[in-house]
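Participant:
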Amino acid sequence: MDRNSILGFFLIAAVLLGFYFINKPSQEEIAETQRIADSILIAQDSLKRLSEIQAVGLDTATISDYDTNRIEDDKADDITVPLEFEKFLSGSDELVTLENNLLKIKLSPKGGRVAHVELKKYKTYLGKPLILFEGDEQEFGYQFSASNKIVNTSDLYFEVDNYSSVVTTDDAASVTLVLKLDDHQYIEHKFSLNEDSYMLDFQINMIGLDQIIPRTIKYIDLSWNTKTRYLERKITKTSRIIGSNPTVYYRYENEKPGRLNDAKDETEDLDGKIQWVAFKQHFFTQTLISKSNFIRGRVESETMEDENYGKKLDATLSFAFDHTPSQTYDLNFYYGPNHYKTLKKIGLELEEQIFLGRNILRLVNVGIVIPVFNLLSRFINNYGIIILFLTLIIKIILLPLTYKSYLSTAKMRLLKPELDVIKEKVGKDKAKLQQEQMKLYRQAGVSPMGGCLPMLLQMPILIALFRFFPSSIELRQEHFLWAHDLSTYDSIWTFGYVPIINKFYGDHVSLFTVLMTISTLIYTRMNSQMMGGGNDAMAKQMKVIQYVMPIMFLGFFNNYSAGLSYYYFLANMITFGQQYLFKQFIDEDKLRKKIELNKKKKSGKGKSKWQQRLEDMQKQQRKQAGQKRR
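In terms of our numbering, the sequence shown is residues 1 to 630.
1. On a CA-only basis, which of Asn559, Ser565, Leu570 is nearest Lys234? Give me that one, please.
2. So, with DSSP's three-state summary, where would you put Lys110?
3. When you compare the CB of Leu581 with every CB in chain C, is at least one pair closer than 8 Å?
4. By the three-class DSSP mapping on this structure, what secondary structure does Phe191 have?
5. Assign Pro337 to buried or exposed, taking buried as 16 or more other Cβ atoms, counted over all protein chains shown, within 10 Å of its Cβ.
6. CA-CA distance, Gln584 and Gly577?
7. Quick check: what's the CA-CA separation for Leu415 versus Leu376?
8. Does the segment 289-300 come within contact of the segment 328-336, defined as at least 3 CB pairs closer than 8 Å?
9. Who are the Cβ neighbours of Met304 in its own chain at under 7 Å, not counting the five residues just before and after it?
10. Are the CB atoms of Ser92 and Pro109 nearer to each other than 8 Å?
11. From which residue to which residue does the beta strand (DSSP E) around Ser377 run?
12. Between which two residues does the beta strand (DSSP E) containing Gly297 stretch?
13. Should Ser147 go down as buried or exposed, given a rule of 16 or more other Cβ atoms within 10 Å for buried?
14. Quick one: what's Tyr250 bridged to in DSSP?
15. Cβ atoms of Ser561 and Thr494: under 8 Å apart, would you say?
16. Kindly indicate which residue of Gln185, Ile551, Asp589, Lys432 has the alpha-carbon position closest to the one of Phe85.
17. From Ser223 to Val151, what distance separates their C-alpha atoms?
18. Hey, how far is the Cα of Ile187 from the Cα of Leu193?
19. Given a cut-off of 8 Å on the beta-carbon distance, is the pair Asp490 and Ser471 in contact?
20. Given 8 Å as the limit, is there contact between the segment 349-363 and the segment 454-470, that is, 3 or more CB pairs closer than that?
21. Within 10 Å of its beta-carbon, does Trp276 have 16 or more other beta-carbons around it, so buried, or fewer, so exposed?
22. Got a sec, what are the start and stop residues for the beta strand (DSSP E) Ile150 sits in?
23. Rounded to whole angstroms, what's the CA-CA distance from Phe283 to Phe144? Just pull it up for me.
24. Give me the Cα-Cα distance between Pro400 and Leu440, rounded to the nearest whole angstrom.
25. Quick one: grab the DSSP three-state call for Leu486.
26. Cα-Cα, which of Asp155, Ala115, Leu156, Tyr125 is closest to Glu137?
27. Quick one: what's Ile105 bridged to in DSSP?
28. One question on the structure: do Tyr252 and Ile274 come within less than 8 Å of each other, judged by their Cβ atoms?
29. With burial defined as no fewer than 16 other Cβ atoms inside 10 Å of the residue's Cβ, what is the status of Gln211: buried or exposed?
30. Quickly, what does DSSP pair His508 with across the bridge? List them, please.
31. Output the boundary residues of the alpha helix (DSSP H) element that contains Gly384.
32. Could you have a look at Asn527 and say whether DSSP puts it in helix, strand or coil?
33. What residues in its chain sit with their C-beta under 8 Å from that of Glu588, if we drop five residues either side in the sequence?
34. Cutting at 8 Å between CB atoms, please list the residues of its own chain near Met573, excluding the five before and the five after it.
35. Got a sec? Which residues, its chain only, sit under 6 Å from Leu343 by beta carbon, not counting five neighbours each side?
36. Is the CB-CB distance between Thr513 and Leu554 below 8 Å?
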C-alpha cells in the first residue's frame, strides 16, 4: 500500500471520528432518551394490565379506577416490578397517626404517604370535621426504573420503623417508614410534626439505590394529585367569586408565584427551579415545598362532574438524582388555612395564594386594611362590630377628600343658574359653551374636577375591600345578626330554581345586599338633587345610568360575602351622616359671597398664557368650522 493510500485511509478515519464526536449525544439528550424509554415501559406496563383486566372479563369502564387505586390484595399480582421489589407488593393497611393541637394526620404504609388530613380547629360549612382528603382522594408517589421495569412507590408497602404519634412539649411527633431491600439498600420516609404547626416535615432517604437505578437516569418523577372536597357553601357557577375556585399555584425560585386559571381547566409545563406547588381551595391549601427545588414539572386542573368534589388537581414534579450512595430530599407539606399572617410567617410568598387584588389594590389591603383588621380583632370578638369600626376608620381617613368633594359639588350647584344662562346665550355652539363655562369657573375659583378627583382617590380603597372581604378566612362561619356566615351570602329567603332569574340573581334573597342597594339608590338621588342636573339628552342618559348600576349590583352582590355587602351598606349610612353635618357647617350664603368676591378679584386680572392659548385654539376651531359650512 503506497503512501497516498495510507494518507487517504487516515483522513477517512479522522473524518469519521470527527463526525462521531460532533454528533455524539449530550448527557441531557441521553437522559431524555432514557426518559422516553421509561415512558414506553410505563405504557407497556399499563397495556399489559389492560389486557389482563380484559382477560378476566372486567368492564373497561372500571379500568381507570382499577389502575388508579389498586388497593385490593387480589389485584397485587397484576403489578409487575423487579424481582427484588416483589415482596413489597403486600403488607399491612393499618394507618399510623400523627397529631398535634392543629392537625390530625394519618399515614398509610402503602406508598409510605399521607392518607388523611384533618384540620382540628375548623369545620365544614355543614358543621362536619374539616378533612382535606382521605383514602384514595389523594395519590402520592414517585417512580424510577430498575432492571428494565418501572418501580412506583405508591404500589409498595413500607414498614413502620420508628413511631411517636403525639406531640409533646419537647419532641415532635414522628414516624419513619422503611422499604428495606437489605441493610445497604433501602428507602426511608421520615415524617415529623411540631407543636402549634400546620407544617409536616417529610424527608426521603434513598440509600444504595445508585446501584439499582441505571446511570443514565438523572431525575426521579414524583406524582401528586388530589380531589378537592366541597368545604364551603356551594354557589352557582354563573356567580363565581373571584379566587374561590380550586386551582394550582406554584413558585419558581426568587420569582413571584404563578397559578392556573381557576375559571377553567388548564395545563401548564413548568421548567426551572420550582420551590413549591400548592393545591389551593377557597380558604385552605395543601402545599408541597422542596428545600432543594424541583427541576421541572407539569401542573393541571380538571373540573369534576361530582356532587362531592370540585376539581381534580394534579402535579408531576422531577427531582435531580445524582447517583450518590445516599440521596436525601427534604420536603415539607403545609396543610392549613389561607390566613395571611400564618402564610407570611413561612417566608416563601405562600400568602400570594390569597387573592387580594393586584398592584395598588394589594398594597392597600396588605398595608392598611389587614393591619387595622388584625388590630381590631385583638380587642373585639364580634366581626360584625369589627367591620363597623373598620368602616368608621376608613371613612375618617377619607373625610378630607369627602369634604372637598361635597364643597365642590355645592359650588357647582350655586353656579348652575349662571351656567343655564350661558347655555341659552350660546345655543348649540359647543366650543363657545366650553369657553364661557371655563371662564365662569376661573372667575368663581371653582374647579370642575374638584368633585371627581376626591372620589377617584378613594376608589383604590373601595375596590381593595371588594377583594379583601371574600378572601378573609377570619369571617368564615362568623355570625352577625341574621347572617350565619359573613364569608358567604346571607339568605333570608331561598325560593329555589327559577329560569333566567336564577342565572342573573340566584335562588335566594340576601338582605344585606338589598339594604346596600336601597341605600345606594338613596345616595344617588341625593347627589342628583344636589347637582340639580340638566335637561339635555346627555344629562338624562347619565341619570338613567346612575339608577341602573345599583340595580345591576343587586344581582352581582347577592352571591357575594355578606361582610362585603354589610360594609358597603355601613359606608353609605355613614356618608349620609357626613353630608348632613357638612350641610350644617357649610353656609351657602357665605359660599355665594365668596364666589362673587372671587369674580370681582379675577375680573380685573389679565388672562394667563395658557388661558389665552386655549381661547385662541377655540377661535381657530370655530373659524375652520365656519369655512367648511361655506
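Idealized CB from N, CA, C, for every residue including glycine.
Facilitator: Judging by the given coordinates:
1. The option with the nearest alpha carbon to Lys234 is Asn559.
2. Residue state, collapsed to three classes: strand.
3. Absent from the structure: chain C. Only one protein chain is present.
4. It is a strand residue.
5. The residue in question, Pro337, is buried, as its Cβ has 16 or more Cβ neighbours within 10 Å.
6. Taken atom to atom, the span from the alpha-carbon of Gln584 to that of Gly577 is near 11 Å.
7. Rounded to whole angstroms, Leu415 to Leu376 spans 44 Å at the Cα level.
8. Taking 8 Å as the limit for Cβ pairs, the verdict is that the segment 328-336 does touch the segment 289-300.
9. Hits under 7 Å: Lys227, Gly310, Lys311, Lys312.
10. Contact flag set, yes.
11. Careful: Ser377 lies outside any beta strand (DSSP E), inside the alpha helix (DSSP H) at 370-377.
12. For Gly297, the enclosing beta strand (DSSP E) begins and ends at 284-303.
13. Flag for Ser147 reads exposed.
14. Beta-bridge pairing links Tyr250 to Gly258, Val277.
15. Contact flag unset, no.
16. Taking Phe85 as reference, the option from Gln185, Ile551, Asp589, Lys432 with the minimal CA-CA separation is Gln185.
17. Roughly 13 Å separates the two Cα atoms.
18. Taking the straight line from one Cα to the other gives about 20 Å.
19. 8 Å or more divides the Cβ of Asp490 from the Cβ of Ser471.
20. As far as the Cβ criterion goes, the segment 349-363 touches the segment 454-470, which means the pair count is three or higher.
21. Label assigned to Trp276: buried.
22. Residues 149-152.
23. Phe283 and Phe144 have their C-alpha atoms roughly 35 Å apart.
24. Those two C-alpha atoms are separated by around 26 Å.
25. In the displayed model, Leu486 falls within coil according to three-state DSSP, outside both helix and strand.
26. Scanning Asp155, Ala115, Leu156, Tyr125 for the CA closest to the CA of Glu137 turns up Ala115.
27. Note: Ile105 sits in a beta bridge opposite Leu98, Val117.
28. Their beta carbons are under 8 Å apart, which means Tyr252 touches Ile274 by this criterion.
29. Around the beta carbon of Gln211, a 10 Å sphere encloses fewer than 16 other beta carbons of the protein chains shown; the residue is thus reported as exposed.
30. In the DSSP output, where bridge partners are listed per residue, His508 has Thr494.
31. Counting along the chain, the alpha helix (DSSP H) containing Gly384 begins and ends at 383-397.
32. Three-state result, Asn527: helix.
33. The beta carbon of Glu588 sits closer than 8 Å to the beta carbons of Ala410, Leu414 from its chain, once the five residues preceding and following it are set aside; these are given in chain order.
34. Taken in chain order, the residues that qualify are Ser519.
35. Excluding the 5 residues flanking it on each side, Leu343 has same chain C-beta neighbours closer than 6 Å at Leu350, Glu351, in chain order.
36. It is a contact, given that the beta carbons lie within the stated cut-off.
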